[in-house]
Each structure stands twice: as structure tokens, then as C-alpha cells.
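Take 9 as the starting number for the sequence shown in my numbering and just add one per residue.
Okay, structure first, notes after.
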Amino acid sequence: MIAKTRRLAAAIVGVTVLLAATSACSSSNSPGKKDGAPILNIPGGDQSTENFNPFSPTRIPGTDGFMYEPLFFYNNIKGLADKPLGNLGDSFKWNAAGTELSITLKSGVTWSDGTAFTAKDVAYTFNTRKDNPALRTSSNPPSAEAVDDTHVKLVFTRASFMDAPGILGTTNIVPEHVWKTKTDPAKDSNTQPVGTGPFILKTYTAQSWLLERNPKFRDADKVKVGGVRFTATATNTAVTDKLLAGEFDWTQGFIPDMTKVLARKPGLAYAQSGNGIMINIVTCANAALGCAGPQTDPAVRKAISQAMDRGQINKLAFNDVGKPVSASFAVPGRDDQFISSQFSTPIPTTPDVSGAKQTLEAAGWALGSDGLYAKGGAKLNLTIKVVSGWTDYIAALTALVQQLKAAGIGLTMQQVSYNENQSVTASGNFQLAMTVLGFTPAPDPYYVYEYYFGTKNTAKVGDKDASSLGNLSRFSNPTVDDLVAKAAGTEDPKERAKIYAEIQPILAENLPYIPIINNVQYAQFNTAKFAGFPTESDPYASAGYGNSPDNVQVFMRLRPS
């Protein structure tokens, strides 16, 4: 499946070819080298609308990290104990109450058009997000004040220590002198992007584009990649074929029998990043916010989870590399200190069909002569959306259809375009869809609880585009909201663990997201052309090219082989 970035603004993310959006640059517009330096070739997807708006949930590849950056880089593989690196920021400090964050910026940074980067740009970015609900990517947006050219202060309405990685590490900064003239920052396609990142836009067509090096980039001397060429590629199979043909230098995603496949071409290598990507089924769960269908019944969601043969799905769809999941929505192994003893045992990988039937019958569902359960005259039939060409997800759902049938649950898989999948899940006009929880700014369950379950991070069905908000399930629970806010106010992991122990039973009982497996993120590289990619022994950044701002760190380390 094709996915998006690590930024929280990218709500629907995945585990195969990263960043579902059209991209490509034809050979006529993009030479193999730029000033003697080789061009880096990367796949895109099937989205064909030019959009370099860093505020937009449908922005295309080449936006995040390539041209627009957050203030700091948090390595979410190494954890919160690892000191963040400065991109545009130099340092930051909280007040004792955790309500004010003072940031010192790097001096001498310029935008790609030559205009000086200042604290006014940072303040404008945060205030624009706060004042425009369509642009919010946090339930706790700060107000911002430029103290002088290199100092800015962020003010929160509550203690917000845990929000620093998201605020500082995932919010792309935009130039005030460009964006203050835009009528609608949420909808502007930003076809003439001005950023601080290592690349600038050279050429664009509906089928292709090329980025070239930004001579104004603060570390321009460290960028040895001549440019970045994107090539429109809509399916996993096509991406793999182009990688083997030497047409791609850096890809990301799932390849069956990866070691054998990559061995066909000398110089190809791969790396995996982390284990915090939960593949799941998102349900439109909340009838009070307008969700409709049998999946609004918690018993149905629980029965689906019980009837699921996760072991079979892992083998058939994910090369048997997936790890067990926890009903706590924390990551076993990585988050053991945060998982309540009640959930110390992961969800079984084997199905419990009889248990699923008992769950349904206890909730008033009756098994019909056709083998399906029904209630109030309505059959237990559900539809699940999946993007065409996302072969791993399609394989998983093909198996799930049969697994649920054995438990009296009807499931129809509907393949749709990437754009339609984005649209229906954002608007709430769906029953079930395949997605992931993960790519959080730091390895702590706080970010999953705040982003994917928070009431302020969702919307009524049809009211507005919720794709930038994260909580596509429409789950809403005041107790969870209060506990998440409480967790944000402490930097003590032991205190957070106590708070999480109160959150986890509520989430496990409701299951607005139905966990399948925890998966790693794979990336593949052409090391015969470039050296310096992240490895498992040197995880200086996440390995995926669309993981921002990790990709900025990679660009500064890549060298022609």
C-alpha cells in the first residue's frame, strides 16, 4: 500500500510504497545528473493534482522535508531520551508549568527566494494553524509570539510537556511574506513553493516533476544529491519492477520474499525502521457523530477482532514479519513500561470464532439460516475500503472476508482510488477501511492516544475534512480526553504509565480501530549509486524517503557511490 509521511498531519499512513500521490519526472525534463551529481529517483503514486501546500492533507511528494521543514528533528527510533537536532531551531526551554515554550532559532537561515527566515515566520505558521480549524493537526494548538528575529514563544492553555515533539518536530514552517497573501491557506495548491529545505521545484507536469538543489539551503554544501526525480507509479508491483530495472534508487514498502527479490540486482539493499506501525481496520464507530452501519455497535467490532486469524493474514499478506498487537494500542516490546498488566499478553494471533459468535449473540444478534447474523431486520453485512494496487492490504482483506464469514459476519471488499479513500475516510462516509496507527513523533503511546482518539481531533460525519485531524474513527470519550491532557502535563514516564493504565481498558472495550499486526517499515536502496542510507546498525533517521524531517538528515549524508 502507498502511504504518507511521518508527520501527524498525514493521518492515513501505511507500510508499503510511501506517499500516495502522483509524481514523476520524465527523462526529457530531468537529466541523469545535475552539475555532475547524480539524480535520486523516487516513486510517486496515482494522485495527479499539483499541490505543494504543507498545510494540506493531500499535498504531494516532495513537499515535506524536501522543501518545508519543522524546527527540530526527533529520532523516533531512538526515543525521547535522544536529544533532538535543530533544523531551523537552535534550542528550546519550557517554563516550570509547561505552559510556555521559548525557542531560539538559527540565525542566517534564508528562504529559497532569498528572504531572511525569522521568528515572524514561525509565529505566523503556528497562529495560522491555531486560528484556522481546517489546518489544525493538534488538539492543543499553541498561540505564538515573535519576541525578536531569532526568538519565539509558544503559549499553551494547559501543561504540554509531551506535546513538544509533535509541535516542534512535525509542524512545517511557512514563509509569512508568501502565505499572508493567500486567500485560503487550507485550499491553496501552492504551485510556486518557497521553503527552507534542501530542494526547490524545477519542473512539474501532471505526470512528472523534478526537484533541484536549493542553493540557499543552510547546509547546501552537505547535499551531494543532484536533484530528486519522482516517477508516477500506482502499484506495489510496478514499484518493485522499476527498482529492479534501475529506474528507482530509493523506495519504501513491502516486497514479498524481499531478500530473494533484491538479490536479482547487484547493489540493492534494504533496511527496516522500528516496530511501531499498527496495521488496523479503522471503523466509523460513533453513531452520535453521524456514523452509520453495524460497525457502530461495539460488539460487532469486538467480534471482528475475535474472529480474525492474524497469523494467517501475517503469512499471506505481510511475509510473516508482523509482530503481535496489544489491545492497549501501545507497542509490545517498545512500550512495555507503559502497558498495563491487564494487557501484558498481546491479542491472540489465532481466531476465536465461537467467542465472536457469543459476543454477537449477547448483544442481541441472531444467526440466520443464510449463515449471517442479523439484528432488527438488518443483516450483519459490512463494506471495507482499500486502495487499488495496494497488494498487501488486498491480500489481507481477501483472507479476512473468509475468516469473518465463518463467524457469521459478511464483509465486502471495495477497491477505490487513493483520492476516494482519502475523501470518504475524512468525511466519515465509510464503514470500515484499512489504515495504520503510527509514524508518531516519538515512541510513546501518548501520541497515539492524543492524535487518533482525541475528541478535538475529529469531526461530525460530513461536517468538515477530518483527514488533518487524525481521529477518523470519530471515537469520543471525555474520560480519555481528560486523561490524555493529564499525561501531557508530566515528563515522568512512571506517572504517564499510571495514567495510561486508566486509558487502555476504555480503548480495548470500544475498539474503534481493530488491530491486526504491528509491522516494521521497510525501505530499499540502490547502494551502487548512492551511499549513506540509514541502516539497522546506524538508525540515524527513519529509512523511508517520505518520513519528514528524517529525509533531510538522509539527504545530508547521501554520497555518490
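Even for Gly, the Cβ is constructed at its ideal location relative to N, Cα and C.
Since the structure is predicted, the reported quantities are computational estimates derived from the model, not experimental observations.
(message) Please classify Arg272 as buried or exposed, where buried requires at least 16 neighbouring CB atoms within 10 angstroms.
(response) Classification of Arg272: exposed, given that the 10 Å Cβ count is below 16.
(request) Look at Phe74 and Leu219 and say whether their C-beta atoms are less than 8 Å apart. (result) A contact, by the Cβ cut-off of 8 Å.
(message) Can you confirm whether the stretch 66 to 83 touches the stretch 250 to 269 when touching is taken to mean that 3 or more C-beta pairs between the two stretches lie within less than 8 Å?
(response) Too few Cβ pairs lie closer than 8 Å, so no.
(message) Quick check: what's the CA-CA separation for Gly478 versus Glu458?
(response) Cα-Cα distance, rounded: 9 Å.
(request) Have a look at Ala240 and Ile50 and give me their C-alpha separation to the nearest angstrom. (result) Cα to Cα, Ala240 sits roughly 9 Å from Ile50.
(request) Taking the CB atoms as reference points, tell me whether Asp227 and Met564 lie closer together than 8 Å. (result) The answer is yes: Cβ separation under 8 Å.
(request) Reducing DSSP to helix, strand and coil, say where Pro39 ends up. (result) Bear in mind that the predicted position of Pro39 carries a pLDDT of just 40, short of 50, making it too unreliable to give a figure here.
(request) Take Thr123 and list the residues in its own chain whose beta-carbon comes closer than 7 Å to its own, dropping the five residues that flank it on each side. (result) Counting only Cβ-Cβ distances below 7 Å, and skipping sequence neighbours, we find Pro183, His185.
(request) State buried or exposed for Asn59, treating a residue as buried only when at least 16 other CB atoms are found within 10 Å of its CB. (result) Counting C-beta atoms within 10 angstroms of its own C-beta, Asn59 has 16 or more neighbours from the protein chains shown and is therefore classed as buried.
(request) Identify whether Trp258 lies in helix, strand or coil by the three-state DSSP scheme. (result) Three-state DSSP puts Trp258 in a strand.
(request) Pull up the distance between the alpha-carbon of Gln529 and that of Ala551, whole angstroms please. (result) Approximately 8 Å, taken between the alpha carbons.
(message) Does the stretch 331 to 351 come into contact with the stretch 434 to 442, if we say contact requires no fewer than three beta-carbon pairs (one atom in each stretch) closer than 8 Å?
(response) No, they do not touch.
(message) If I follow the unbroken alpha helix (DSSP H) through Tyr426, where does it start and stop?
(response) Unbroken alpha helix (DSSP H) run through Tyr426: 426 to 435.
(request) Kindly confirm or deny that the stretch 96 to 115 and the stretch 164 to 179 touch, where touching means at least three C-beta pairs closer than 8 Å. (result) Verdict: yes, contact present.
(message) Can you give me the C-alpha to C-alpha distance between Val469 and Phe63, rounded to a whole angstrom?
(response) Each residue's Cα considered, the two are about 21 Å apart.
(request) Taking the CB atoms as reference points, tell me whether Phe100 and Ile111 lie closer together than 8 Å. (result) Yes, the pair counts as a contact, with Cβ atoms nearer than the cut-off.
(message) What residue range does the beta strand (DSSP E) around Pro46 cover?
(response) For Pro46, the enclosing beta strand (DSSP E) starts and ends at 45 to 51.
(request) Please list, in chain order, all residues of the same chain as Ser35 whose beta carbon is under 6 Å from its beta carbon, the five residues on each side excluded. (result) For Ser35, the predicted structure reports a pLDDT of 33, less than 50, and the residue's modelled location is therefore unreliable. A value from the coordinates is still provided. Excluding residues within five positions, none has a Cβ falling inside 6 Å.
(message) My output table needs one value for Asn465: the three-state DSSP class, helix, strand or coil.
(response) Asn465 falls in the helix class under three-state DSSP.
(request) Write down the C-beta distance between Pro523 and Leu390 rounded to the nearest angstrom, noting that I regard them as a contact closer than 8 Å. (result) Not a contact, Cβ separation roughly 17 Å.
(request) Buried or exposed for Gln366, please, with buried defined as at least 16 other CB atoms from any protein chain shown within 10 angstroms of its CB. (result) Classified as exposed, Gln366 has fewer than 16 neighbouring CB atoms from the shown chains inside 10 Å of its CB.
(message) Looking at Ala496: is its Cβ nearer than 8 Å to the Cβ of Ser146?
(response) Taking 8 Å as the Cβ cut-off, Ala496 and Ser146 do not qualify as a contacting pair.
(message) Along the chain, where does the alpha helix (DSSP H) containing Met75 start, and where does it finish?
(response) Met75 -> no alpha helix (DSSP H), and no H or E assigned at all.
(request) Please specify which runs of the alpha helix (DSSP H), each continuous and at least 4 residues long, are wholly inside the stretch 174 to 261, giving them in chain order. (result) Runs of the alpha helix (DSSP H) inside the stretch 174 to 261: 184 to 187, 244 to 252.
(request) Would you check if the stretch 505 to 525 and the stretch 345 to 360 touch, i.e. whether three or more CB-CB distances between them fall below 8 Å? (result) Of all C-beta pairs linking the stretch 345 to 360 to the stretch 505 to 525, three or more are shorter than 8 Å, placing the two stretches in contact.
(request) Only counting runs of 4 or more residues, tell me where the alpha helix (DSSP H) segments fall wholly within the stretch 358 to 406, in order along the chain. (result) As far as the stretch 358 to 406 is concerned, its whole alpha helix (DSSP H) runs of at least 4 residues are 361 to 370.
(request) Starting from Phe63, follow its DSSP beta bridges and name the residues at the other end. (result) According to the DSSP secondary-structure assignment, Phe63 is paired through a beta bridge with no residue.
(request) Work out the CA separation of Ile175 and Ser115 for me, nearest whole Å. (result) The alpha-carbon atoms of Ser115 and Ile175 are separated by roughly 20 Å.
(message) How far does the beta strand (DSSP E) with Gly97 in it extend, from its first residue to its last?
(response) Here the beta strand (DSSP E) through Gly97 covers 97 to 102.
(message) On the CB-based measure, 16 or more other CB atoms within 10 Å of its CB, does Ala29 come out buried or exposed?
(response) Because the pLDDT at Ala29 is just 33, under 50, the model does not fix this residue reliably, and the point stays unresolved.
(message) Could you pull the DSSP bridge partners for Arg567 from this structure?
(response) Paired residue(s): Ala539.
(request) Could you check what DSSP says for Gln605 in three-state terms: helix, strand or coil? (result) Outside the shown range of the chain, which is 9 to 569, sits residue 605, and nothing can be said about it.
(request) Return the chain-ordered ranges of every beta strand (DSSP E) run that is complete within the stretch 111 to 173 and spans a minimum of 3 residues. (result) Those beta strand (DSSP E) runs which fall completely within the stretch 111 to 173 and span 3+ residues are 151 to 156, 159 to 163.
(request) Within 10 angstroms of the Cβ of Ala370, are there 16 or more other Cβ atoms? Answer buried if so, exposed if not. (result) Classification of Ala370: exposed, given that the 10 Å Cβ count is below 16.
(message) Taking the beta carbon of Asp2 as the centre, do at least 16 other beta carbons fall within 10 Å, making it buried, or is it exposed?
(response) For residue 2 there is no data in the structure shown, the boundaries of the chain being 9 and 569.
(request) Would you list the residues sitting across from Val290 in a DSSP beta bridge? (result) Paired residue(s): Ala441, Tyr521.
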